[in-house]
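First comes the structure, then the notes that go with it.
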Amino acid sequence: MGSCSSQSCQSCFFEYETERMIVVKSKVVGSVFRLIQLLILVYVIGYVCVVQKSYQETDSVISSVTTKVKGTGFTNTSDLGARVWDVADYNIPPQGDSSFFVLTNMIVTPNQTQSTCPELPNQSTICMSDSDCLEGSNDVRGNGIQTGLCMNYKETVKTCEVLSWCPLEIDINLPERNILPDVNSSYLKQCEFNRKTDPYCPIFRLKDVVSEAEEDFQTMAIRGGVLGIMIDWSCDLDWPEHPCGPKYSFRRLDNKIPENNVAPGYNFRFAKYYKTTDGRETRTLIKAYGIRFDVIVFGTAGKFNMVPTIVNLGAALTFLSLVNAVCNWFLLTCTKRRDYYSKHKFTYLDNTDDNAGESLGETTYGTR
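This is the structure in structure tokens:
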């Protein structure tokens, strides 16, 4: 047994395998072979070369964006009366990199002073007597520090008194403004951007940006929101430089569904402080609603390079070399004459056999 095992190992060690070419005339196998070759060529030429441009060396965009807002607006409300708004009024803060905010709605609470007043009514502030109010308590959802007294908020409603900036801000009912189309046109001094006629101009009309994001300006102006100005700066440097330009797109970034958002829209508060003639400090509290625009720049630049070209060409040739392996598997596994093909595909030759040459002469290399 030991001797036989040694001879078997020695025989396997000195064996050499070489490919044998057999021409099989079969419409089925031939069709599969050509179809796989066609699919690989379409993938390499159509997707790798044309779509992905994998023959290029690419680099990402490094950008710096500055923004400027121009124009005036007009409102006529019961709180403020007729008023003209310029950039200093509705653009807060006045300077911004890659983003800017435009005021579209507000709640003004004038003449606030450090004093005591009844808290706004809610489940935790409504009271019946002083025993319902805890002196020194500070509710994170409230507006000040409770004094321990229960005061009349209205004739039928009592709330705990707080030490705060009084009178308190009431932001339950937002003012709705009827903005006419000719008033909207004054938001920007010029309007040049047009997707069809002038897609490269960086001057936008405010209403057009909102419309491009498939939103309604008058609806969005009430509670505000966040819009993204997407600038795609992808360039093919294998062509002349003039086709290389920005492509603008717009989309809303915040969640506009009130049911799925704790604080829908976009707002913040700021105050303007004053001192009266007797030295008492007062302020005007403003809750500002508006649209914040985030400018997002992305893109790549590509140019022909020999290294990625050779790498992807080698990958394509590797794919083509797999065609024979797939077709051999199909030929020896899925066809009706697979036993016949297998007999001619694999032949064992022994140099010690004197009739080896004759057996090679009798082997058939093609079938009909």
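Using our numbering, the first residue of the sequence shown is number 528, and each one after it goes up by one. Heads up, the beta-carbon is just placed ideally off N, CA and C, and yes, glycines get one too.
Check: State the DSSP-derived secondary structure class of Q514, mapped to helix, strand or coil.; Outcome: With the chain covering only 528 through 895, there is no way to say anything about residue 514.
Check: Any contact of the segment 732-739 with the segment 790-810, i.e. 3+ C-beta pairs under 8 angstroms?; Outcome: no
Check: Is the distance from the Cβ of D821 to the Cβ of S664 below 8 angstroms?; Outcome: no
Check: Would a C-beta distance cut-off of 8 angstroms place F720 and F731 closer than the cut-off?; Outcome: yes
Check: Kindly list the residues whose CB is nearer than 8 angstroms to the CB of F540, restricted to its own chain and excluding five residues on each side of it in sequence; keep chain order.; Outcome: none
Check: DSSP state of N782, grouped into three classes?; Outcome: coil
Check: In whole angstroms, give me the CA-to-CA distance for L764 and G829.; Outcome: 6 angstroms
Check: Tell me which residue opens and which closes the beta strand (DSSP E) that V822 is part of.; Outcome: 808-825
Check: To the nearest angstrom, how far is the alpha carbon of I818 from that of I563?; Outcome: 54 angstroms
Check: Which word fits P928, buried or exposed, when buried means at least 16 other C-beta atoms lie within 10 angstroms of its C-beta?; Outcome: What is shown of the chain runs 528 to 895, which leaves residue 928 out entirely.
Check: Note down the Cα distance separating P835 from V555, rounded to an integer number of angstroms.; Outcome: 37 angstroms
Check: Would you call the CB atoms of Q641 and C660 closer than 8 angstroms?; Outcome: no
Check: For N711, which three-state DSSP category applies?; Outcome: With a pLDDT of only 36 at N711, under 50, the local geometry of the prediction cannot be trusted, and the value read off the model is given with reservation. N711: helix per DSSP, three-state reduction.
Check: Quick check on the burial criterion: 16 or more other C-beta atoms within 10 angstroms. Buried or exposed for V571?; Outcome: buried
Check: Where P791 and N782 are concerned, what is the direct C-alpha to C-alpha distance, given to the nearest angstrom?; Outcome: 7 angstroms
Check: Go ahead and pull the three-state DSSP assignment for N665.; Outcome: strand
Check: Quick one: what's got a C-beta closer than 8 angstroms to N832's C-beta in the same chain, skipping five residues either side?; Outcome: Y582, Q583, E584
Check: Could you tell me the alpha carbon to alpha carbon distance between R779 and G755, rounded to whole angstroms?; Outcome: 6 angstroms
Check: Count the other C-beta atoms from every protein chain shown that fall within 10 angstroms of the C-beta of S587, then say buried if there are 16 or more, exposed otherwise.; Outcome: exposed
Check: Can the beta-carbon of L647 be found less than 8 angstroms from the beta-carbon of L695?; Outcome: yes
Check: Which two residues bound the contiguous beta strand (DSSP E) that contains V611?; Outcome: 608-612
Check: Tell me whether the segment 594-609 and the segment 626-636 touch, counting them as touching only if at least three CB pairs, one residue from each stretch, are closer than 8 angstroms.; Outcome: yes
Check: Assuming T686 and I634 make a contact with CB atoms under 8 angstroms, what is their CB distance in whole Å?; Outcome: Their Cβ separation, rounded to whole angstroms, is 20 angstroms, which puts T686 and I634 out of contact at 8 angstroms.
Check: State the beta-bridge partners of E584 as determined by DSSP.; Outcome: K830
Check: Buried or exposed for W692, going by 16 or more other Cβ atoms inside 10 Å?; Outcome: buried
Check: Might you give, ordered along the chain, the residues of its own chain that have their beta carbon closer than 6 angstroms to the beta carbon of N711, omitting 5 neighbours on each side?; Outcome: Because N711 carries a pLDDT of 36, less than 50, the predicted location of this residue cannot be relied on, and no value is offered for it.
Check: What residues match up with K641 in a beta bridge as DSSP calls it?; Outcome: The question names Lys, but residue 641 is Gln in the sequence shown. For Q641, which the question treats as bridged, DSSP gives the partners W692.
Check: At which residues does the beta strand (DSSP E) containing I756 begin and terminate?; Outcome: 752-759
Check: Can you list, in chain order, the residues of its chain with a C-beta nearer than 8 angstroms to that of W612? Leave out the 5 residues immediately preceding and following it.; Outcome: T599, G600, F601, T602, L630
Check: Would you decide whether Y793 is buried or exposed? Buried here means 16 or more other CB atoms lie within 10 Å of its CB.; Outcome: buried
Check: Cβ atoms of G826 and W760: under 8 angstroms apart, would you say?; Outcome: yes
Check: Whose CA, out of D866, F846, E682, lies closest to the CA of V575?; Outcome: F846
Check: Consult DSSP for Y851 and reduce its assignment to one of helix, strand or coil.; Outcome: Looking at the sequence itself, residue 851 is Asn, so the reference to Tyr does not match. Of the three classes helix, strand and coil, the one that applies to N851 here is helix, per DSSP.
Check: Under a Cβ-count criterion, where at least 16 other Cβ atoms within 10 Å of its own Cβ denotes burial, should Q650 be classed as buried or exposed?; Outcome: exposed
Check: Excluding the 5 residues flanking K580 on each side, which residues of the same chain have their C-beta closer than 6 angstroms to its C-beta?; Outcome: G829
Check: Measure the alpha-carbon distance for C854 versus I837 and round it to whole angstroms.; Outcome: 27 angstroms
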